[in-house]
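What follows is one structure encoded as structure tokens, with my remarks underneath.
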Amino acid sequence: MGSAVARQRGAGLIEVLIAVLILGVGMLGIAAMQATALRNSQGALERSQAVVQSYSILDAMRANRDAAAAGGYNTGGLACAAPGTGTLAQNDLALWIAALKSTLGGSDATCGEVKCNGTDCTITVQWDDSRASDSSVSGSETSQLVTRAEL
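Rendered as structure tokens:
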């Protein structure tokens, strides 16, 4: 009986393992890209909401221009808690702070500031941006958006 060397047909086990390894690395890369895209979209959403909220308080101030020019909307720093609701300006600020907390997250870092010098106003919105960053420590990232406008 003669032993003939048979030619191998098809893929060997090593080739299959290498193909699966390359496919696995590619899939991990795709998953990492998806996670980065999700983080970036979360950050863009929060920035857009901060812009909308800064314009909403500006619109309220333009509707009550005399009180705004007299400093009735000035918060005296970052206001993280809603002020009392005695005047229209205080009511507008309380609603604005509540809207900030509901749209940008209810964390302690979500605050707003209004500073007006006559009709020149600066609106500052601050929020916890840790969900949109690479930071592994929760609450370690805050972002600020500053809007300057004239009433």
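Counting in this note's numbering, the sequence shown runs from 121 upward without gaps. Cβ atoms here follow ideal geometry from the backbone N, Cα and C, with glycine treated the same way. This structure is a prediction, so every number in the text was calculated from the model and none was measured.
From Ala189, Ile142, Gly197, pick the residue whose C-alpha is nearest to that of aspartate 240; which is it? For the purposes of this step, residue 240 is taken as residue 120 along the sequence shown, with counting starting at 1. By alpha-carbon distance to aspartate 240, the top candidate from Ala189, Ile142, Gly197 is Ala189.
Around the C-beta of alanine 170, are 16 or more other C-beta atoms found within 10 angstroms, so that it is buried, or is it exposed? The residue you call residue 170 lines up with position 50 of the sequence shown. Buried, since its Cβ has 16 or more Cβ neighbours within 10 Å.
Identify whether threonine 239 lies in helix, strand or coil by the three-state DSSP scheme. Within the sequence shown, numbered from 1, the residue matching residue 239 stands at position 119. The answer is coil: DSSP assigns threonine 239 none of H, G, I, E or B.
Along the chain, where does the beta strand (DSSP E) containing arginine 268 start, and where does it finish? Counted from its first residue, the sequence shown places residue 268 at position 148. Taken as a continuous stretch (DSSP letters only), the beta strand (DSSP E) holding arginine 268 covers 262 to 270.
In its own chain, which residues sit with a C-beta less than 7 Å from the C-beta of alanine 214, not counting the 5 before and 5 after it? The sequence position of residue 214 within the sequence shown is 94, counting from 1. Shown here for alanine 214: same chain residues with a beta carbon closer than 7 Å to its own, the five before and five after excluded, namely Ala202, Pro203, Thr205 in chain order.
Please determine if the stretch 242 to 252 and the stretch 157 to 171 are in contact, where contact requires at least 3 C-beta pairs separated by less than 8 Å. Counting Cβ pairs under 8 Å, three or more are found: they touch.
Look at the Cβ atom of cysteine 120, then the Cβ atom of glycine 196, and state whether they are nearer than 8 Å. No information on residue 120 is available, as it lies outside the stretch 121 to 271 that the chain covers here.
DSSP beta-bridge partners for valine 172? Translated into the one-based positions of the sequence shown, residue 172 becomes position 52. Paired residue(s): none; valine 172 is not in a bridge.
According to the neighbour-count rule (16 or more other Cβ atoms, all chains shown, within 10 Å of its Cβ), is isoleucine 138 buried or exposed? Indexing the sequence shown from 1 puts residue 138 at position 18. Isoleucine 138 comes out exposed.
If you measure between the beta carbons of isoleucine 177 and isoleucine 243, is that distance less than 8 Å? Start at 1 with the first residue of the sequence shown, and residue 177 comes out as number 57. Start at 1 with the first residue of the sequence shown, and residue 243 comes out as number 123. One thing to note: isoleucine 177 has its Cβ within 8 Å of the Cβ of isoleucine 243.
Assuming alanine 183 and alanine 209 make a contact with CB atoms under 8 Å, what is their CB distance in whole Å? In the sequence shown, residue 183 corresponds to position 63, counting from 1. In the sequence shown, residue 209 corresponds to position 89, counting from 1. Alanine 183 to alanine 209, Cβ: 11 Å. No contact.
Pick from Val234, Ala219, Thr207: whose alpha carbon is nearest that of leucine 271? Within the sequence shown, the letter at position 151 stands for residue 271. When Val234, Ala219, Thr207 are compared, the shortest CA-CA separation from leucine 271 is found for Val234.
Buried versus exposed, by CB contacts within 10 Å (16 or more), alanine 152: Here residue 152 refers to the residue found at position 32 when the sequence shown is read from its first residue. Result: exposed.
Per DSSP, what kind of secondary structure is aspartate 186 in: helix, strand or coil? By one-based count along the sequence shown, residue 186 stands at place 66. If DSSP states are grouped into helix, strand and coil, aspartate 186 belongs with the helices.
Consult DSSP for aspartate 248 and reduce its assignment to one of helix, strand or coil. Position 128 of the sequence shown holds residue 248. It is a strand residue.
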